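Number of protein chains: 2
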Amino acid sequence: MKLQGQEEYEASSAHENVSAGELESDHGPSHSPGSSSETDSRELGVCTDPPLFIQLNELLGWPEALEWRETGRWMLFEEKLEVDAGRWSAPHVPTLALPSLQHLRSLLVKGLVLLDCPARNLLELVEQVIRVESLSPELRGQLQALLLQRPQHHIQTRTWPCWGSTPPKKVPHNENVPLKEQHQNPLRQKLPPEAEVATVLAGELGFLPQPLGAFVRLRDPVVLGTLTEVPLPSRFFCLLLGPAMPGRGYHEMGRAAAVLLSDPQFQWSVRRASNLHDLLAALDAFLEEVTVLPPGRWDPTARILPPKCLSSQHKRSLSRKREVEGFSTRRMAGAEDRRGPGPQVPCPELQRTGRLFGGLVQDVNRKASWYTTDFLDALHPQCFSAVLYIYLATVTNAITFGGLLGDATDGAQGVLESFLGTAVAGAAFCLLAGQPLTILSSTGPVLVFERLLFSFSRDHNLDYLPFRLWVGIWVATFCLVLVATEASVLVRYFTRFTEEGFCALISFIFIYDALGKMVNLTHAYPIQRPGFPGYGCFCQYPDPQGNESQWATTKQKNRDDILSMDLGLVNASLLPPSECTQQGGQPRGPGCHTVPDIAFFSLLLFLTSFFFATAFKHVKTSSFFPSVVRKVLSDFSSVLAILLGCGLDAFLGLATPKLTVPTEFKPTLPGRGWLVSPFGANPWWLSVAAALPALLLTILIFMDQQITAVILNRAEYKLQKGAGFHLDLFCVAVLILLTSALGLPWYVSATVISLAHMDSLRRESRVCAPGEAPSFLGIREQRLTGLVVFILTGFSIFLAPVLKFIPMPVLYGIFLYMGVAALSSIQFVKRVQLLLMPAKHQPDLMLLRHVPLNRVHLFTAIQLVCLGLLWIIKSTPAAIIFPLMELLWLDELMPEEERSISEKGLEPEQSFGGDESQDSELMYQPKVPEINISVN
Amino acid sequence: MKLQGQEEYEASSAHENVSAGELESDHGPSHSPGSSSETDSRELGVCTDPPLFIQLNELLGWPEALEWRETGRWMLFEEKLEVDAGRWSAPHVPTLALPSLQHLRSLLVKGLVLLDCPARNLLELVEQVIRVESLSPELRGQLQALLLQRPQHHIQTRTWPCWGSTPPKKVPHNENVPLKEQHQNPLRQKLPPEAEVATVLAGELGFLPQPLGAFVRLRDPVVLGTLTEVPLPSRFFCLLLGPAMPGRGYHEMGRAAAVLLSDPQFQWSVRRASNLHDLLAALDAFLEEVTVLPPGRWDPTARILPPKCLSSQHKRSLSRKREVEGFSTRRMAGAEDRRGPGPQVPCPELQRTGRLFGGLVQDVNRKASWYTTDFLDALHPQCFSAVLYIYLATVTNAITFGGLLGDATDGAQGVLESFLGTAVAGAAFCLLAGQPLTILSSTGPVLVFERLLFSFSRDHNLDYLPFRLWVGIWVATFCLVLVATEASVLVRYFTRFTEEGFCALISFIFIYDALGKMVNLTHAYPIQRPGFPGYGCFCQYPDPQGNESQWATTKQKNRDDILSMDLGLVNASLLPPSECTQQGGQPRGPGCHTVPDIAFFSLLLFLTSFFFATAFKHVKTSSFFPSVVRKVLSDFSSVLAILLGCGLDAFLGLATPKLTVPTEFKPTLPGRGWLVSPFGANPWWLSVAAALPALLLTILIFMDQQITAVILNRAEYKLQKGAGFHLDLFCVAVLILLTSALGLPWYVSATVISLAHMDSLRRESRVCAPGEAPSFLGIREQRLTGLVVFILTGFSIFLAPVLKFIPMPVLYGIFLYMGVAALSSIQFVKRVQLLLMPAKHQPDLMLLRHVPLNRVHLFTAIQLVCLGLLWIIKSTPAAIIFPLMELLWLDELMPEEERSISEKGLEPEQSFGGDESQDSELMYQPKVPEINISVN
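Residue numbers (full-length UniProt numbering), protein chains in the order written: chain F, 1 to 936; chain Y, 1 to 936.
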């Protein structure tokens, strides 16, 4: 199945001969020995030609006021000069009328074709062009003067264009020196320095007896003075002049010539053409490949936006070759379509070596070679914003799970342990692991296990931390066994079904937790309904003698209403509780402990932070504000939403629950040191018995860790430095040993935060051709961002004075946002949406072109049922074994037929990646999602 | 300037020969003697031909398992059978490869063309087709058997398609009787009954020695049994068979033939063709007009969504004619473009007759002829939802303005007067006025005037209601003079600038009022900050002897804190205030009168109702849910949002401020009857002096009334029954006299609610061709909805028990929604958005193609400044003269140049409406707005 994001990834390979090869102007280093785009472009052999910028200079004003004006320009797409509005149109897919191409062809047949013309400047070029023509000397002179006249270019140097300020009409430009404004043309920075220019001159010239066509290829490209908008060397020159013609004849013919020249295959042919015949053959080849839109069903003046994804030139040439070879291509293609992708070859990281610790050794060797660049690659400003974003997410996570742990273990662990453990484990993992983009965190399943372990210890009067140490020792041992036996290679059997189920579950847990915490908050700060016993609070003072016992109290009346206790107080006031305490009094009454307005205000803060985080994230794809502003707003969406929430909270000054950060550096449990004693009060055999719960926890950790690792190492993220499944598991095992000994929480890879981490490190190509969509190049793979995040997390223990201003509802809102963002990017959710859509409104997804709708719905329904069952299990004490259950079910419940859908039908982009596909994704997809949680 | 909505309106004229003429299957009556679409289609003369449904039956499975299968179908757009998925694709613009059209042409040249073939059934047809061919008798037999074989149609009778359940392969269908499933085909309901069918049969047939092409036009259309998907008579039959060909040759050729046949101009030509030469000429004419997309810049397999607006066939034929006539069309077109629309001819309603009351008499005559249909046209279910929606808006308005009036006039008028006046004035207006779609309401400017008049009366000890009666008498007199002198014809000088300014201001007032009321609410229900004197409330009882004076109180301590009064009470409890009162006690303390949580909960209700009203409205353009559900959600968006808000409020049961509805039917001011005495305590000369404020109020009412009337009667709403400016003003004058005498508020036309009223009465064409966008046909112009709304408003005085459950914040939220919705539809707002957009992200608006950006920005800025000044004036007591000020300014402040932009540059749809325009609006506009507040 093909999602929007994936299209974008594929797009990069579509531009190989224009952008990905030479023009990849992204600043990030590209150490990869064989990136796919390079390979592609070498294969094609077209990329050695410099890119071409084409402009159309039109002759306007016949007969009174002749002037040349640039009215169109092309790289990949067309930009048209809006003469009245004085601006360039947005880039769009050029559309031509078929007759204009035919007229152009016949004019070239009759006209002059000069290939490898040796002209060294415009004057020489013009002389060549007019000399050969059978024109009278007088006409020749007039024509020469006209061709040497300086054209008007519309150069947008500022927001307010300088158009028309100094009209440079009728000034000859044979001096061959480009003007200042040409050098200052901002377009120049968009063009690669080696680009060449083709100029098409077209227009009505009444004094010519018959149409005059000329096509010139210069032997050596040369800057033709003020002829071209940018002072780059010209390679092609095309002249299309003549007497009056119906319609916008010459304009359309000029456009046709320019569009032809902007076609990479035509460029390739015409650079190598040796005579008119070659030129015409190239034109005919172009005509063979055009797409035709019928009249009436399409307004020919409508502008088509540039598609997100261009069809690959490579594909074009191949499909043509095959067509020439002829015969039954169609049936072959059909068969290919149905066969689907062949059996998957596991990636090298997941091939079994057969030696003890063989995989680990391989991982270490592979990773060692990248180790230096793992730090150098982080030197990019983008990493700064990534650190800030992930730091906040990590701290939020640490606080939340710290609070939950403290609650689950009766204070045996708490927020301080959570901070410290996160910092130590995370930093160590980022320094040493196989996939340093992974962010370690406490996770839901592990938390549930810990809660059960603690209950067990308490019920059987066991010393919790020593028992837990032994569990940790056993888990580490089992994990080492798994590493030694290379058990991680099993992950290649995870299917889309498994991964999507896992992702959806984790996302739902995030959403559920966020909402659950808000509900808990309304219990802590109840809403005061009319008649609710929240009224009534007064301040009781000792009498002036300070003798409390002398307070006169009357007896309670004999009524069952507990509120109606009689007041027999002589010394009391109605001061608010805080002031009362200050003045030595004591607040009395049921209303003293209720804080009004907090519940609803918290809800407002929660919604505010959620909506603004979402809105800021989406600013990136909106059309408002300059791109820098949009990028900042989008990259710092969570930070800005948190700041906004804090600001709102501070403005109203209500006593909302705030983040509590430990102020002293010592274990939460009073009276214990940092090291856990190996036995404590427990009997010796408990250290052996601990192997049983450890076995469960090992399965849990293995699944939790490896599913996340598989998701992070997907091919669609174009990671260059490879995965390290064995090394990752080894690190997790060692860290579990360490944290058990120190009495800190246990950590595994966290899917949602790790994906957010990768998302904030996306590399995209800088766009060169106007209208071209930036393509996804990969992720900044390095160890520094994670390391800094965890060092900062460690220091956050001392940030209490700042962090204590963050209201908890704001953090819950960010949690909700993270869950929703992760959920919205998986295909499963898109399929659930399909359930609600009438067939005629369904998007033109690849999936739906190839799989019957009821099959898709059935697959979705099975996934929904599984997810529902998982959720039920997760909500019961059986939660600790749920990842195991999941794996079993996937292979039991899913019938062969369904599995074949998930492997073939739902993933037709595999066949689409091939070279012969008869359909493609609908290209008008308005927005580009961020990183996708979907398997390739 | 061309807005999205307008495009849609224009779209209707684009389909004249297919849909607007015969296919207009909307149930609404069309009494209009000369609707524009009818005129257009008559002009073209094409519409007499029945529409054509084309299907492609493809021969698959050569050589083993030959079978015919319908793989594509066309009306306006293409639907492709997704063979794997077993469903029809969404309708899309067909794209062809140029070679397929050329192959088709050469096959037709060599092949058989039978025009006016007399075959009466499929067998005869097949015999005709194969007899003429130079085939061996054996081949002929095989071919005949093959052609008579029943094809497979994919007929989606239910959501779960019956595809493949009974494969009807290899069954001859020469029995000529259509099957049950063909009759049950839901497609048949979409096709007009007079439609004809064209069938294209194409495929690879290896035993043929050479390609076989045949094109047949049947003399008398006949149902060809099971050959076609729908049992409609066939007119055309096209056969394209042959030996293996590279690529998907026959499939593409068949598609080319089908697309050709789906072209209205080709249809026209081929229906009248008398020989092969005519047929080829039609094909060549088609080729002349196709749009060509270059390869590489466009993936030919991408599906282009149907454009919102089709280019008119009329335009096509004209532009072609002109091109044939040749010469300098371009310069002509250019000149036309620049000239802009000529001087506007005022519509008949606004032509001065020159007689006293001439305009009024004309209005009455015009309207009298429609009077019966004004009631009959309301018999449509849509009117029911319109009544509900507008009733709620009117009641909300009546309550709000009633409350404000009561406040402004110290209770001289109140909510009861507001309800009664609204009901009486509104119902009378709907029965008698020229434009019964108008909704009368209290408006902001009139309210401000009333407030000032009351202050003046109070300061000078005047009797307010009698004074007001005289003002009303004078206003009515002045208005009658305006009617008599036909002053309303002046409204034709209102420009876009005036109207947009007015609309924006009214919308801002709605938004400002909604927000202002929410702020007021937080003052009434303050948020309890820590330290806020809201704590402390207890219940004081009389002692058991019931002797209040015996309560022991200690003296207040000598402190300035008013809260710290000592309590010397012996009989008190902490019961909530309500219970305390019930039990005979008395609540004491500062905390007793504060209601916590209300402010934030009100804010939540406000936001909820605003967001849900907006969201429900937008459901219409989403792709979820069946269209019936979407329509209901969208039409009842406000009602649903109000119900949701009430539900939420009832669920939590907080004491939010609720709607207060009078329970007794009597004037709010105690001691006055329903008739206002003409003098009261005022001196006699005051009745003359009242003429001065009356003059001001007359100007105010004239402007307020007529700007709204101009907006409602815009050409883009396609009103059939004409306007009645004079009659409207006459009605308003009479009603002012009446309401003054009864002491009820004054009423004029309210822009926002009236537009909402029209919006809820839109008529749209039922779509016939798949992929065709419904076109706007007009408004259900009738008097009944308004009448019922106001009758219900009158009865609402007795609905207090139900209406009292509606919380005020919910109503404020709906107000905000109405303001925002009205604001978002005016071009001014779109131009303000342009200010924030970088040039390259700006949408491809007509405006921006023709007017320089800095001019557009300057125009917007001037409008913004004017609006700011208007707002300032509106906020001061000078508000009463603001409409006058506005008119003066518009003509003073706006330089000639700006005015020329507003008249020409910003309204290029006038020139676009013509027949020669070189550009058109970008067609990929994702959503269609509702009624636009923008002048044509």
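By construction, the Cβ of each residue, glycine as well, lies at the ideal position given by its N, Cα and C atoms. All figures in this text were calculated on a predicted structure; none of them were measured in a lab.
What residues from the segment 828 to 839 of chain Y come within 8 Å of chain F, judged by C-beta to C-beta, listed N to C?
-> Gln833, Leu836, Met837, Pro838 and Ala839
Exercise for review: Counting only the same chain and skipping the five closest in sequence on each side, list residues whose C-beta sits under 8 Å from that of Leu803 of chain F.
Suggested key: Locating residue 803 of chain F in the first sequence gives position 803, counting from the first residue. Excluding residues within five positions, the ones whose Cβ falls inside 8 Å are Val395, Leu659, Val661 and Ser796.
* Tell me whether Asp728 of chain Y is buried or exposed, calling it buried when 16 or more other Cβ atoms sit within 10 Å of its Cβ. => Counting from one through the second sequence, the residue named residue 728 of chain Y turns up at place 728. When all chains shown are included, Asp728 of chain Y counts as buried.
My parser needs the alpha helix (DSSP H) runs of 4 or more residues fully inside the segment 356 to 444 of chain F; what are they?
358 to 368, 373 to 376, 381 to 408 and 415 to 432
task: Would you verify that the beta carbon of Val395 of chain F is, or is not, closer than 7 Å to some beta carbon of chain Y?
output: Mapped onto the first sequence, residue 395 of chain F falls at position 395. Val395 of chain F does not count as touching chain Y.
Check your understanding: Which residues share a DSSP beta bridge with Asn57 of chain F?
Key -> By 1-based counting over the first sequence, the position of residue 57 of chain F is 57. DSSP output for Asn57 of chain F lists F:Glu70 and F:Leu201 as bridge partner(s).
query: Under 8 Å Cβ-Cβ, which residues of chain Y neighbour Glu82 of chain F?
result: Numbered from 1 along the first sequence, position 82 holds the residue referred to as residue 82 of chain F. What Glu82 of chain F touches in chain Y: Leu848, Arg849 and His850.
Those residues which DSSP pairs with Arg762 of chain F across a bridge | Translated into positions along the first sequence, residue 762 of chain F becomes position 762. Arg762 of chain F pairs with F:Ile779.
Practice prompt. Out of F:Trp62, F:Gly72, F:Tyr812 and F:Leu59, state which residue places its alpha-carbon closest to the alpha-carbon of residue 941 of chain F.
Written response: With chain F covering only 1 through 936, there is no way to say anything about residue 941 of chain F.
Worksheet item: For residue 958 of chain F and chain Y, any beta-carbon pair shorter than 7 Å?
Response: A question about residue 958 of chain F goes unanswered here, because the residues of chain F that appear run from 1 up to 936.
- From the DSSP output, in three-state form, read off Pro304 of chain Y for me. Taking the first residue of the second sequence as 1, we reach residue 304 of chain Y at position 304. Per the sequence presented here, residue 304 of chain Y reads as Ile, with Pro not at that position. If DSSP states are grouped into helix, strand and coil, Ile304 of chain Y belongs with the strands.
query = Is DSSP giving Gly242 of chain F helix, strand or coil here?
reply = Locating residue 242 of chain F in the first sequence gives position 242, where the first residue counts as 1. It is a strand residue.
(Q) So, does the segment 133 to 141 of chain F touch the segment 228 to 246 of chain F, judging by three or more C-beta pairs under 8 Å? (A) No: the two stretches stay apart, fewer than three of their Cβ pairs being nearer than 8 Å.
Are the CB atoms of Ser740 of chain F and Leu469 of chain F within a distance shorter than 7 Å? The residue given as residue 469 of chain F occupies position 469 in the first sequence. The residue given as residue 740 of chain F occupies position 740 in the first sequence. Contact flag set, yes.
Helix, strand or coil, according to DSSP, for Ala552 of chain Y in the structure here? Here residue 552 of chain Y refers to the residue found at position 552 when the second sequence is read from its first residue. Residue placement at Ala552 of chain Y cannot be trusted, given a pLDDT of 37 that sits under 50; what the coordinates show is reported in the next sentence. Here Ala552 of chain Y sits in coil by DSSP.
Checklist line | Simplified DSSP state of Phe912 of chain F, which is helix, strand or coil | finding: Counted from its first residue, the first sequence places residue 912 of chain F at position 912. For Phe912 of chain F, the pLDDT reaches just 31, beneath the cut-off of 50, and the residue's location in the model is therefore unreliable, leaving the point undetermined.
Contact criterion: CB-CB distance below 7 Å. Does Leu515 of chain Y meet it with respect to chain F?
Numbered from its first residue, the second sequence carries residue 515 of chain Y at position 515. So, not an interface residue.
- Message: Here's the rule I'm using: 16 or more other beta-carbon atoms within 10 Å means buried, otherwise exposed. How should Phe237 of chain F be labelled?
- Response: Taking the first sequence and counting its residues from 1, one reaches residue 237 of chain F at position 237. Buried is the call here.
**Message:** Could you check whether the segment 201 to 209 of chain F touches the segment 74 to 86 of chain F, counting it as contact only if at least three pairs of C-beta atoms, one from each stretch, sit closer than 8 Å?
**Reply:** no
- Item | Proximity test, Cβ basis, 7 Å: Asp649 of chain F and chain Y | Taking the first sequence and counting its residues from 1, one reaches residue 649 of chain F at position 649. Judged by the 7 Å Cβ criterion, Asp649 of chain F is not in contact with chain Y.
task: Could you tell me whether the Cβ of Glu58 of chain F comes closer than 7 Å to any Cβ of chain Y?
output: Within the first sequence, the letter at position 58 stands for residue 58 of chain F. Output row for Glu58 of chain F: interface = no.
Check your understanding: Can you list the residues of chain F that Phe625 of chain Y reaches, using a CB-CB cut of under 7 Å?
Key -> As a working note, residue 625 of chain Y is residue 625 in the second sequence. Going along chain F in sequence order, the residues near Phe625 of chain Y (Cβ under 7 Å) are Leu836.
Using the three-state DSSP reduction, which class does His153 of chain Y fall into: helix, strand or coil?
Here the question's residue 153 of chain Y lines up with position 153 in the second sequence. Here His153 of chain Y sits in coil by DSSP.
Worksheet item: Interface residues of chain F around His277 of chain Y at Cβ under 8 Å?
Response: The sequence position of residue 277 of chain Y within the second sequence is 277, counting from 1. Residues of chain F passing the Cβ test: none, with the nearest at roughly 20 Å.
Margin query: Below 8 Å, how does it come out for the segment 488 to 506 of chain F and the segment 759 to 768 of chain F: are there three or more Cβ pairs, yes or no?
Written below: No, they do not touch.
Is it true that the CB of Ala214 of chain F sits closer than 7 Å to the CB of Val126 of chain F? For this step, residue 126 of chain F is matched to residue 126 along the first sequence. For this step, residue 214 of chain F is matched to residue 214 along the first sequence. Taking 7 Å as the Cβ cut-off, Val126 of chain F and Ala214 of chain F do not qualify as a contacting pair.
For this session: List the DSSP bridge partners of Ser134 of chain Y.
Result: Here the question's residue 134 of chain Y lines up with position 134 in the second sequence. DSSP lists no partner for Ser134 of chain Y.
*asked:* Can you find the residues in the same chain that come closer than 8 Å, C-beta to C-beta, to residue 966 of chain F, ignoring five residues on each side of it along the sequence?
replied: Chain F is shown only over 1 to 936; residue 966 of chain F falls outside these bounds and no answer can be derived.
- Within chain Y, partners of Ile862 of chain F - CB distance below 8 Å: Residue 862 of chain F sits at position 862 when you count from the first residue of the first sequence. Ordered by position in chain Y, no residue passes the 8 Å Cβ test against Ile862 of chain F, which lies about 17 Å from the chain.
DSSP-derived helix/strand/coil call for Val748 of chain Y: Looking up residue 748 of chain Y in the second sequence gives position 748. Strand.
Check your understanding: Any beta-carbon of chain F closer than 7 Å to the one on Glu548 of chain Y?
Key -> Along the second sequence, one-based indexing puts residue 548 of chain Y at 548. Annotation note: pLDDT 44 at Glu548 of chain Y (below 50); position unreliable, coordinate value reported separately. So, not an interface residue.
By the 10 Å Cβ neighbour count, where 16 or more other Cβ atoms means buried, how is Leu845 of chain Y classified, buried or exposed?
In the second sequence, counting from the first residue as 1, residue 845 of chain Y sits at position 845. Classification for Leu845 of chain Y: buried.
Notebook entry, point to check: Does the Cβ-Cβ distance between Ala282 of chain Y and Val270 of chain Y come in under 7 Å?
Noted result: Taking the second sequence and counting its residues from 1, the one referred to as residue 282 of chain Y is at position 282. Taking the second sequence and counting its residues from 1, the one referred to as residue 270 of chain Y is at position 270. Yes. Within cutoff.
Coil, strand or helix - Lys620 of chain F by DSSP
Counting from one through the first sequence, the residue named residue 620 of chain F turns up at place 620. Three-state result, Lys620 of chain F: coil.
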